[in-house]
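Trainee:
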Amino acid sequence: MSGPDWVMIHQTSGRRDFRLYAVLAVGLVFVFAGSTIEPASNCSESGECAPWLVPLAFWLGAFASLLGAAGLIRNPRRGSRVNARTGELMWWNEVHASACGSLNLADVSIIRVDTSSDSSTLTLLDGKGELMSFGGVEVVPWRLEAWARGVARLQPHIRVELA
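The sequence shown begins at 991 in our numbering and counts up by one.
Structure follows, in structure tokens:
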């Protein structure tokens, strides 16, 4: 899958994703709290008690820990690469089986990078301005603008738009 024609290769996995570690850590904190706090002593200074919160925290923590650990064990991979000779952009995402594919960069005229909101987006548009199917920000490096400009250097007809 690698070779002299493949450039701009990016691959990451679940074990390199801090979010899975964060879910596991928060889950373990809730499990620890739920197993060490006595439900009967879970009262405020005004005398209001909610003993049901302690087991709820424990089970929510157990569920979050299970999800985080399962993600680390499964270790889903995602990434992309460009074939400099043929102009093919290929991407894969093992989290979503339908999120794998490829396209020819000759069909792309605009790469639009939007980092103005909390969730960044990356869209590819064809010559008619229509949206092309692509894996999105999950399959490219986190520096979206640099990646888009790198693709535009390989294929000079592509214009990069920043929103």
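For each residue, glycine too, the CB sits at the ideal point set by N, CA and C.
1) With DSSP run on the structure shown, which of helix, strand or coil describes V1044?
2) Take S1155 and list the residues in its own chain whose beta-carbon comes closer than 7 Å to its own, dropping the five residues that flank it on each side.
3) Could you check the C-alpha separation between V1019 and G1051 for me, to the nearest Å?
4) Rounding to the nearest angstrom, what Cα-Cα distance links W1081 and N1073 in this structure?
5) Quick check on DSSP: helix, strand or coil for W1132?
6) Rounded to a whole number of angstroms, what is the C-alpha to C-alpha distance between E1120 and Q1145?
7) For S1025, which residues in the same chain have their Cβ closer than 7 Å to its Cβ, ignoring the five residues on either side in sequence?
8) For G1037, which three-state DSSP category applies?
9) In terms of residue numbering, what span does the beta strand (DSSP E) encompassing S1070 cover?
10) Tell me the DSSP secondary structure of I1063 in three-state form.
11) Could you tell me if R1133 is buried or exposed, where buried requires 16 or more neighbouring beta carbons within 10 angstroms of its beta carbon?
12) Give the secondary structure of V1021 by DSSP, where H, G and I count as helix, E and B as strand, and everything else as coil.
13) So I999 is in the beta strand (DSSP E); what residue range does that whole segment cover?
14) Using the beta-carbon count (16 or more within 10 Å), is R1068 buried or exposed?
Mentor: Reading it off the structure:
1) If you number the sequence shown from 1, residue 1044 lands on position 54. V1044 falls in the helix class under three-state DSSP.
2) Given that the chain is displayed from residue 991 to residue 1153, the structure contains no residue 1155 and the question cannot be resolved.
3) As a working note, residue 1019 is residue 29 in the sequence shown. As a working note, residue 1051 is residue 61 in the sequence shown. Distance between the alpha carbons of V1019 and G1051: 7 Å.
4) Along the sequence shown, read from residue 1 onward, the residue named residue 1081 stands at position 91. Along the sequence shown, read from residue 1 onward, the residue named residue 1073 stands at position 83. If I take the Cα positions, the gap works out to 11 Å.
5) To locate residue 1132, count along the sequence shown from 1; it is residue 142. Three-state result, W1132: coil.
6) Counting from 1 along the sequence shown, the entry for residue 1120 is found at position 130. Counting from 1 along the sequence shown, the entry for residue 1145 is found at position 155. Cα to Cα, E1120 sits roughly 19 Å from Q1145.
7) Here the question's residue 1025 lines up with position 35 in the sequence shown. Contacts found: F1048.
8) Working through the sequence shown from its first residue, we reach residue 1037 at position 47. The answer is coil: DSSP assigns G1037 none of H, G, I, E or B.
9) Reading the sequence shown from its first residue, position 80 is the one you call residue 1070. Per DSSP, the unbroken beta strand (DSSP E) holding S1070 starts and ends at R1067 to N1073.
10) For the purposes of this step, residue 1063 is taken as the residue at position 73 of the sequence shown. The answer is helix: DSSP assigns I1063 an H, G or I state.
11) Position 143 of the sequence shown, counting from 1, holds the residue named residue 1133. When all chains shown are included, R1133 counts as exposed.
12) Taking the first residue of the sequence shown as position 1, residue 1021 is located at position 31. Residue state, collapsed to three classes: helix.
13) Locating residue 999 in the sequence shown gives position 9, counting from the first residue. Per DSSP, I999 is one residue of the beta strand (DSSP E) stretching across W996 to S1003.
14) Along the sequence shown, read from residue 1 onward, the residue named residue 1068 stands at position 78. Label assigned to R1068: buried.
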